[in-house]
Amino acid sequence: MPKVLVVDDSLSVRKVVERALIGRQIEVVCAATGTEALERIEREEPDVVVCDVVMPDRDGYEICEFVKRHPRLGGTPVLLMSGIVNDEVRERAARVQSSDVLSKPFAADDLLRKLDGLLASVARATPAPPTAVNGRGHVEPSVKERARTARPSTPAPPARASAPVAGGAGAVLREFAAIDGVQWAVLVDREGLLLDASADGAVDPEVAGALSACLAESSEGLGRELNRGALQGMILEYERGMVVLYSVGASALLAIGLSEAAVLGKVRYYAKKTVPELLQAV
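Mind the numbering: the sequence shown is residues 0 to 281 in our numbering, read in order.
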């Protein structure tokens with residue numbers, strides 16, 4: 000089974016990638032810092048590395064350089080992720096021999112298409128492992144096969160439980176969802192952890208929350224780059240509805256899914272009244 004290492008200091012981004020790869024027969028391991036990524040690369044020997052460009056300790060370019068200079072893993076593809084993809088980013092990515100650059104926020108289909116291509120290139124470039132026959136006629140596994148078998152697997156860190164927050168957050172979200180034309184309302188922290196939700200069965204609240212947090216993080220970066228201050232809210236229009244995001248202080252995010260634009264005014268009015276209440280709840 001191919002193995003993909005996902006490196007990003009944002010829990011929401013890591014969760015989005017993990018969810019996108021569910022059912023794809025791909026093992027996903029994660030790292031939250033550059034230092035942890037270097038340790039994971041040595042220990043896990045991933046087939047592909049997906050790495051954010053901006054991280055607090057080591058940036059994605061440094062991680063990519065480490066991989067490309069590695070005596071055993073130099074051929075491992077590295078897919079960089081960046082909230083800003085311009086000529087400078089592409090030039091730096093090319094200098095460190097990154098395989099590609101993925102713009103954040105990204106659609107799951109875009110991620111899967113790039114990963115499928117990179118994994119296919121790994122499969123084409125990897126020769127069949129040599130085998131040896133011992134004196135008794137038994138086939139001995141290759142050195143790498145023995146190393147992978149002998150290497151103890153690292154247990155995944157315990158998942159952070161998502162529980163409804165105290166106070167009136169649940170009631171507020173239910174009132175949003177009761178508005179005709181509103182399909183779901185979720186409250187998440189800035190890392191994408193679900194705090195509370197009210198949604199119909201067509202939407203997975205955890206997925207909606209993780210994607211919304213990922214989008215908000217990228218938009219915060221855009222605001223900083225353009226000197227626009229902190230993100231207050233967003234209105235996203237799609238073919239089959241809208242998604243509206245509101246900052247709930249610096250630690251949480253309210254995301255609301257609308258099936259029709261006609262209810263936007265009512266939603267905005269109600270959000271203006273209730274965001275202070277949600278802020279107290281979190």
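Even for Gly, the Cβ is constructed at its ideal location relative to N, Cα and C.
Check                                                                                                                                                                               : Outcome
What number of angstroms, rounded off, separates the C-alpha of residue 85 from the C-alpha of residue 104?                                                                         : 15 Å
Could you check if residue 254 is buried or exposed, using at least 16 other CB atoms within 10 Å of its CB as the buried criterion?                                                : buried
Identify every run of the beta strand (DSSP E) within the stretch 200-264, keeping only runs that are complete inside it and at least 3 residues long; order them along the chain.  : 232-237, 240-247 and 251-257
What do you get for residue 36, buried or exposed, if any count of 16 or more other CB atoms within 10 angstroms of its CB means buried?                                            : buried
Run the CB neighbour count on residue 25, radius 10 Å, all protein chains shown included, and call it buried at 16 or more, exposed below.                                          : buried
Under three-state DSSP, which class holds residue 38?                                                                                                                               : helix
Leaving aside the five residues before and after residue 121 along the sequence, list all residues of the same chain whose C-beta is less than 6 Å from its C-beta, in chain order. : 46
Go ahead and label residue 13 buried or exposed: buried means 16 or more other beta carbons lie within 10 angstroms of its beta carbon, across all protein chains shown.            : buried
Less than 9 Å between the beta carbons of residue 16 and residue 191, yes or no?                                                                                                    : no
Which class does residue 30 belong to by DSSP, given the choice of helix, strand or coil?                                                                                           : strand
Under a three-way DSSP split, which group does residue 106 fall into?                                                                                                               : coil
Return the CA-CA distance between residue 0 and residue 22, expressed in angstroms with no decimal places.                                                                          : 12 Å
Could you pull the DSSP bridge partners for residue 196 from this structure?                                                                                                        : 185
Step through the CB atoms of chain D and report whether any lies within less than 9 Å of the CB of residue 34.                                                                      : No chain D appears in this structure, which consists of one protein chain only.
Does the stretch 209-219 come close enough to the stretch 271-281 that 3 or more CB-CB pairs lie under 8 Å?                                                                         : no
On a CA-only basis, which of 74, 34 and 42 is nearest residue 55? Give me that one, please.                                                                                         : 34
What residue range does the beta strand (DSSP E) around residue 51 cover?                                                                                                           : 47-51
I need the DSSP call for residue 58, collapsed to helix, strand or coil.                                                                                                            : coil
Would you check whether the ligand ZN has a heavy atom nearer than 8 Å to the C-beta of residue 9?                                                                                  : As far as ligands go, the structure on display features none, and thus does not contain the ligand ZN.
Is the separation between the beta-carbon of residue 49 and that of residue 88 shorter than 9 Å?                                                                                    : no
In terms of residue numbering, what span does the alpha helix (DSSP H) encompassing residue 11 cover?                                                                               : 10-19
Whole angstroms is fine: what's the gap from residue 20's alpha carbon to residue 248's?                                                                                            : 32 Å
Suppose the cutoff is 7 Å on Cβ atoms and the five residues either side in sequence are ignored; what does the same chain contact list for residue 223 look like?                   : none
From the DSSP output, in three-state form, read off residue 98 for me.                                                                                                              : coil
Between residue 141 and residue 245, what straight-line distance do the alpha-carbon atoms span, to the nearest angstrom?                                                           : Confidence in residue 141 is poor, its pLDDT being 43 and thus under 50, which makes the residue's placement unreliable; the coordinate value appears in the next sentence. Those two C-alpha atoms are separated by around 55 Å.
Based on the DSSP secondary-structure assignment, which residues constitute the bridge partners of residue 271?                                                                     : DSSP lists no partner for residue 271.
From 174, 188, 189 and 219, pick the residue whose C-alpha is nearest to that of residue 197; which is it?                                                                          : 174
So, are the CB atoms of residue 207 and residue 181 less than 9 Å apart?                                                                                                            : no
In three-state terms, what does DSSP make of residue 84?                                                                                                                            : coil
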